[in-house]
Amino acid sequence: MLKVLRPCFVLLFFNCSQVYSFNFDYKKINDFKVLSEFSSVDKFESEIAKYIDDYLANTGGGTGGVPCYIGVDLWDRELNIYYKKLNTKLNKKEKKLLKKSQKEWLKTRDATVEFMAEFLGDKYP
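Note that the sequence shown covers residues 22 to 146 in our numbering.
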């Protein structure tokens with residue numbers, strides 16, 4: 022009897038755990054408005070936070086909630102937008118210096134992310 026019921030419980034659990042995600046409007050990066058469409062940075066970030074809250078509330082959280090942390094990707098998109106705008110205003114030497122400074126900034130950013138992952142990984146496995 023247990024052999025018959027076990028698969029039923031597994032299927033029931035799987036179906037119940039997936040119920041949240043069927044009605045949620047998943048967004049890709051380009052589905053979000055760009056920063057310039059908001060009256061302030063706070064309103065831009067507020068929309069990101071609301072999406073994350075809605076995502077977690079409607080997908081059951083856990084590992085299913087991992088894709089909702091898109092803030093880094095959204096800010097990366099914004100940096101690229103403004104980098105391109107700035108680049109159109111610069112002369113050749115300034116463009117070269119901007120590119121150099123951005124490469125250095127990326128090294129610092131990546132080192133910080135690596136440190137934080139290591140540091141927090143030990144605290145919050």
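The beta carbon of each residue, even a glycine, is placed where N, CA and C say it ideally should be.
Exercise. Does the segment 96 to 112 touch the segment 72 to 81, meaning 3 or more C-beta pairs lie closer than 8 Å?
Worked result: no
Exercise. Would DSSP call THR80 helix, strand or coil?
Worked result: On the sequence shown, residue 80 is found 59 positions in, with the first residue counted as 1. Of the three classes helix, strand and coil, the one that applies to THR80 here is helix, per DSSP.
Exercise. Does the beta-carbon of PHE45 have 16 or more other beta-carbons within 10 angstroms, so that it is buried, or is it exposed?
Worked result: If you number the sequence shown from 1, residue 45 lands on position 24. Burial call: exposed.
Exercise. Do LEU119 and LEU127 have their CB atoms nearer than 8 Å?
Worked result: Residue 119 sits at position 98 when you count from the first residue of the sequence shown. Residue 127 sits at position 106 when you count from the first residue of the sequence shown. Cβ atoms of LEU119 and LEU127: not closer than 8 Å.
Exercise. Taking Cβ positions, are PHE65 and LEU77 nearer each other than 8 Å?
Worked result: Here residue 65 corresponds to residue number 44 of the sequence shown, with the count starting at 1. Here residue 77 corresponds to residue number 56 of the sequence shown, with the count starting at 1. No, these two residues do not count as a Cβ contact at 8 Å.
For this session: Starting from the C-beta of VAL62, find all residues in its chain whose C-beta is less than 6 Å away, skip the five residues before and the five after it, and write them out in chain order.
Result: If you number the sequence shown from 1, residue 62 lands on position 41. Excluding residues up to 5 positions away in sequence, nothing lies with its Cβ nearer than 6 Å to the Cβ of VAL62 in the same chain.
Problem set entry | DSSP state of ILE102 mapped onto helix, strand, coil | In the sequence shown, residue 102 corresponds to position 81, counting from 1. Correct three-state label for ILE102: helix.
Problem set entry | C-alpha gap between GLY142 and LEU107, whole angstroms | Working through the sequence shown from its first residue, we reach residue 142 at position 121. Working through the sequence shown from its first residue, we reach residue 107 at position 86. Rounded to whole angstroms, GLY142 to LEU107 spans 37 Å at the Cα level.
For this session: Determine the closest residue to ASP52 out of TYR104, LYS105, ILE91, with distance taken between C-alpha atoms.
Result: For the purposes of this step, residue 52 is identified with residue 31 of the sequence shown, where counting begins at 1. When only C-alpha atoms are compared, the closest one is ILE91.
Exercise. How is ILE73 classed by DSSP in three states: helix, strand or coil?
Worked result: Along the sequence shown, one-based indexing puts residue 73 at 52. ILE73 falls in the helix class under three-state DSSP.
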